[in-house]
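*Asks:* In full-length UniProt numbering, the protein residues as written are 1 to 799.
Glycine included, every Cβ here is placed at the ideal spot set by N, Cα and C.
(1) Quick check: what's the CA-CA separation for residue 239 versus residue 426?
(2) DSSP three-state label for residue 511, please.
(3) Quick check on this structure: which residue in 257, 311, 250, 63 has the alpha carbon closest to the alpha carbon of residue 287?
(4) Using 8 Å as the threshold, is the C-beta distance between residue 110 and residue 55 below it?
(5) What are the start and end residues of the alpha helix (DSSP H) that includes residue 701?
(6) Within the same chain, show all residues whose beta-carbon is closer than 7 Å to that of residue 599, passing over the 5 residues directly before and after it, in chain order.
(7) Can you name, in chain order, every residue of its own chain whose Cβ lies under 7 Å from the Cβ of residue 625, other than the five neighbours on each side?
(8) Would you say the region 492-511 touches the region 430-445, given that touching needs at least three Cβ pairs under 8 Å?
(9) Suppose you measure from the CA of residue 733 to the CA of residue 706; what does that come to, to the nearest Å?
(10) Take residue 349 and list the residues in its own chain whose beta-carbon comes closer than 7 Å to its own, dropping the five residues that flank it on each side.
(11) On the CB-based measure, 16 or more other CB atoms within 10 Å of its CB, does residue 337 come out buried or exposed?
(12) Going by the DSSP bridge assignment, what does residue 709 pair with across the sheet?
(13) Where do the N-terminal and C-terminal ends of the alpha helix (DSSP H) with residue 489 fall, by residue?
(14) With burial defined as no fewer than 16 other Cβ atoms inside 10 Å of the residue's Cβ, what is the status of residue 218: buried or exposed?
(15) Would you call the region 516-527 and the region 627-634 in contact, with 3 or more CB pairs under 8 Å?
(16) How big is the Cα-Cα spacing for residue 316 and residue 277?
(17) Check the DSSP bridge columns for residue 20 and list the partner residues they point to.
(18) CA-CA distance, residue 690 and residue 569?
(19) I believe residue 474 touches residue 661 by the beta-carbon criterion, under 8 Å. Please report the beta-carbon distance rounded to the nearest angstrom.
(20) Please go through the region 617-656 and give each complete beta strand (DSSP E) segment of 3 or more residues, from N-terminal end onward.
(21) Just to confirm my understanding: we take residue 191, look at its own chain, exclude 5 residues before and 5 after, and list those with CB closer than 6 Å. What are they?
(22) What does DSSP give as the partner residues of residue 614 in its beta bridges?
(23) On the DSSP bridge list, what partners appear for residue 568?
(24) Just confirm the distance between the C-beta atoms of residue 608 and residue 566, as a whole number of angstroms; I'd bet it's less than 8 Å.
(25) Report, in whole angstroms, the separation of the C-beta atoms of residue 620 and residue 579, which I expect to be a contact under 8 Å.
(26) Could you spell out where the alpha helix (DSSP H) holding residue 602 opens and where it closes?
(27) Is it buried or exposed for residue 139, if we count other Cβ within 10 angstroms and need 16 for buried?
(28) Could you give the DSSP three-state label for residue 730: helix, strand or coil?
(29) CA-CA distance, residue 637 and residue 527?
(30) Could you give the residue range of the alpha helix (DSSP H) that holds residue 748?
(31) Around the Cβ of residue 275, are there at least 16 other Cβ atoms within 10 angstroms (buried) or fewer (exposed)?
(32) Judging by CA-CA distance, which residue of 47, 104, 145, 775 is the nearest neighbour of residue 708?
(33) Buried or exposed, going by whether 16 or more other CB atoms sit within 10 Å of the CB of residue 801?
(34) Whose C-beta lies closer than 7 Å to the C-beta of residue 10 among residues of the same chain, with five residues either side of it excluded?
(35) Within a Cβ cutoff of 7 Å, which residues of the same chain sit near residue 164, ignoring the five residues on either side of it in sequence?
(36) In its own chain, which residues sit with a C-beta less than 7 Å from the C-beta of residue 198, not counting the 5 before and 5 after it?
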């Protein structure tokens, strides 16, 4: 049986008890109890009340049928209701779009109009919520929904909580969160919505947030004696005496509970700060007194207003005649904290467990965990994103549980439990491409809106930067002068190139690996290459950046360090000549093989942007276009003089990082603009010149002119008498000799490379048969005379 609930029409004192076999049955029952009523703006409050009394209503159940609906009689209830008393029309779709993952239903209330929408939302909970906890769980549910929808709490006036998102707002009536509150069923004309997702897990609900701080001079709240009486009366009934006894883990568990991120900062919640101090003082006179006193100071020091002498005076005055430290555990658990004491009690029976139960125990230790399908990698949610847990750590942790409980074990028992855990875990979703992860939330590029982190974002990294809203008129030149000075110098004052460099940095910031491009920064030492790489590392976040070499990209074992990273830097690359198969596969979004040390090999897609820096550009032997389509070369040719070099430049730019981030988001409000700028740089004259200077085939092709018809030069071969003005192959051999290249390609290799490389110059190689062989639609340019001088020149072809 799912639950009982009260359902009636009129009689509010001893209503009838109904039963639902499931939340779906419950929602069908409530939504079917529709009555025709009519409420108009011209009605008085009394007329509205009388009209609403025609409606059916429902409420949480009482402990026994027939009891009066008062607080002391109310039983636990597995559902909760939110009442939207006022909203803008644009706010309602934002909320409804966030209900999909949950088991819930919603409907318009009797006072709803298009201009002033009103809505009631009913959620299913993962367990029955006690009457005493219904208010805080309801406020936490409200917080969850509004944070997911991108709203921030603006104010609380009486029982009304106002949340805002830009020009949209929602006002919740918190007066209905009482244990005995009742709710009207929908009227005949109300629209309703049903959702069949998961029940809300009350153990991981967020902390109900506080509105912005009141101005200085506002009341500090209740007096000390009243706060102490409240804390004592709240704690004593729930937790009894202290005779249950603390253990050796007590201080560590209290530290964990008070360090839970969802606790309010002490300076933002004075009453809770005092109440927690009173609770900790229950350990005065015990062997733990010194430790919990130190913990009180550590907890208090989280406030920017912390003063050691003031905090010490508060501690000296605390007495806890009927209050218990256990209330800290209870309050933290209500915020979603996993109590390690409960976990240890369960872990004590690990010797009697089956592999699947041991796997559940291990998953419970890490909290919110899931499995990434490619590679079967386990991830845990940290509050800022999903973090990979290596197999080696899982093995060590489970082995430690056996050891701490003095239970002998075998490697097979550990391995089988971890494998069973993987079978039980839910699968991770894909990270939406429109999100950029920050330390304090995510920025939605499409909505152009910043909001808190959410597990369903599936972010595996963030840049470590705390996002803040831009200041009016903010720009790089005035507000990030050190970055702007570096940028202008690196681009040699070319404003268009400055935009392209910013586009490259935006690609890193937004982790647009899906553009299938990689950056190659080349130039002499002291030209700003390392600074560019350093800025990129800041934008990606050091924890999510790794380094390697071009050779590492080709080797499955070395690629293991790239997994889960958002930026791969290839700094100070030595002279490289090769096909670039690894970088082509990684930047092309191909599935590649990973062979981690001491772990099972697997295949995955590496979702990272790649930046290579070198003094001498790379030479790629691949000519089919796979590399040239992806390679974006930035030549930085202007060296910084010794007199102008600033050893602290990177630190200065780091201090400007938040401004840089905001300006990049503004400049590339349309991400496609950044991609277009990178394509522009890829095909630029300066990028092509780098290839010409360092790749003999590119250099040779730059000496050819395309013709409208295939009536230009012949191909030639290796056994014919040399005639570089007539034969393409002979001309290429002369080019190699003139420029000191040693390696000579075969004719088939030359022919294929010529055809592929000419595409970069906009020439499609064509041929036409003649009695003397095939003629092609290219001929030597006048520039070729420079390296042909001194050779055995022949009379040019008569065309």
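*Replies:* Per the coordinate set shown:
(1) Low local confidence applies: a pLDDT of 35 at residue 239 is under 50, so the model's placement there is unreliable, with the coordinate-based value given in what follows. For residue 239 and residue 426, the distance between alpha carbons rounds to 35 Å.
(2) coil
(3) 250
(4) yes
(5) 696-701
(6) 391
(7) 756, 759
(8) yes
(9) 20 Å
(10) none
(11) buried
(12) Looking at the DSSP assignment, residue 709 forms no beta bridge with any residue, so it has no partner.
(13) 481-490
(14) With a pLDDT of 37 at residue 218, under the threshold of 50, the modelled position of this residue cannot be trusted; read the value that follows with caution. Its Cβ having fewer than 16 others within 10 Å, residue 218 is exposed.
(15) yes
(16) 10 Å
(17) 3
(18) 20 Å
(19) About 11 Å; that fails the 8 Å criterion.
(20) 631-635
(21) 108
(22) 522, 573
(23) 546, 610
(24) 6 Å
(25) 7 Å
(26) Segment 602-605 is the beta strand (DSSP E) holding residue 602; no alpha helix (DSSP H) there.
(27) buried
(28) helix
(29) 6 Å
(30) 747-758
(31) buried
(32) 775
(33) It is not possible to answer for residue 801, since the shown part of the chain is limited to 1 through 799.
(34) 53
(35) 151, 152, 154
(36) 101, 102, 103
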